[in-house]
Amino acid sequence: MLITTHVPALAGQIPTDSLRYITVNSEGQKVVLEKTDFVFEQVASALGIMPNFSIVITPVIICVEGSNDVHFLIHISKVLHKKEQSFPDINSDPRITVLPLGGSSLAEWVKHRYLKNLGAIEIHIYDRDYEPPAEPEYLFSANSVNQKQDGSVAFITSKM
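With this note's numbering, the residue at position 112 of the sequence shown is 344, and numbering never jumps.
Printed below as a string of structure tokens:
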């Protein structure tokens, strides 16, 4: 039996080993693809089907500017955790997620409150890009986070 569909709900009821993706190649010849991950990706893409997955929301999200900041926080938290067990090891603590969101992009995340629906406490760490007496570039973003009434907090680093 052959069933054709453009309805994701119907295709989702068919056993994956029964799926076939029929297409036309660049020479205009019919091609039938079956039983490979590529076929499943093609069918899902053509029908707009998203894979089933669940997102685990951690109660704390640490927002930093870049990947170097992530590596530093992971390393320093591991060192501190070895000295004091009550200090979390960020890399293995399931309550914490660290997101490198980019400097100016991080400011946009704050401005538009992209994380608000997660219900997580946000910890923002901004680099102080300019030496005093100049104001930190992300002072407005840090102040916005610090004015939230949900336990979120922002810090601006400084060189010693």
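Ideal Cβ positions, reconstructed from N, Cα and C, are used throughout, including at glycine.
Contact check, residue i vs residue j under 8 Å by CB: the rounded distance?
i, j, result
"V263", "N257", "5 Å"
"I399", "T329", "Past the edges of the chain, shown from 233 to 392, lies residue 399, and the structure says nothing about it."
"I254", "G351", "About 45 Å; that fails the 8 Å criterion."
"L333", "C295", "5 Å"
"N323", "K310", "6 Å"
"L338", "E297", "6 Å"
Please work out which residues of its chain come closer than 8 Å, Cβ to Cβ, to residue i, disregarding the five sequence neighbours upstream and downstream, and give them in chain order.
i, result
"F387", "I355, H356, I357, Y358, A374"
"E266", "L251, R252, Y253"
According to DSSP, residue i sits in a beta bridge with which residue or residues?
i, result
"P332", "V296"
"I355", "I294, V385"
Going along the chain, which residues of its own chain have a beta-carbon closer than 7 Å to the beta-carbon of residue i, five neighbours each way excluded?
i, result
"L312", "F319"
Suppose the cutoff is 6 Å on Cβ atoms and the five residues either side in sequence are ignored; what does the same chain contact list for residue i look like?
i, result
"S384", "I353, E354, V377"
"V275", "L251, Y253"
* To do: Take every Cβ of the segment 306–323, pair it with every Cβ of the segment 365–372, and state whether three or more of those distances are shorter than 8 Å.
  => Taking a cut-off of 8 Å on C-beta distances, the segment 306–323 does not touch the segment 365–372, as fewer than three cross pairs fall below it.
* Complete beta strand (DSSP E) runs within the segment 249–283 (minimum length 3 residues, chain order) -> Taking only runs of at least 3 residues, the beta strand (DSSP E) segments lying wholly in the segment 249–283 are 252–256, 262–266.
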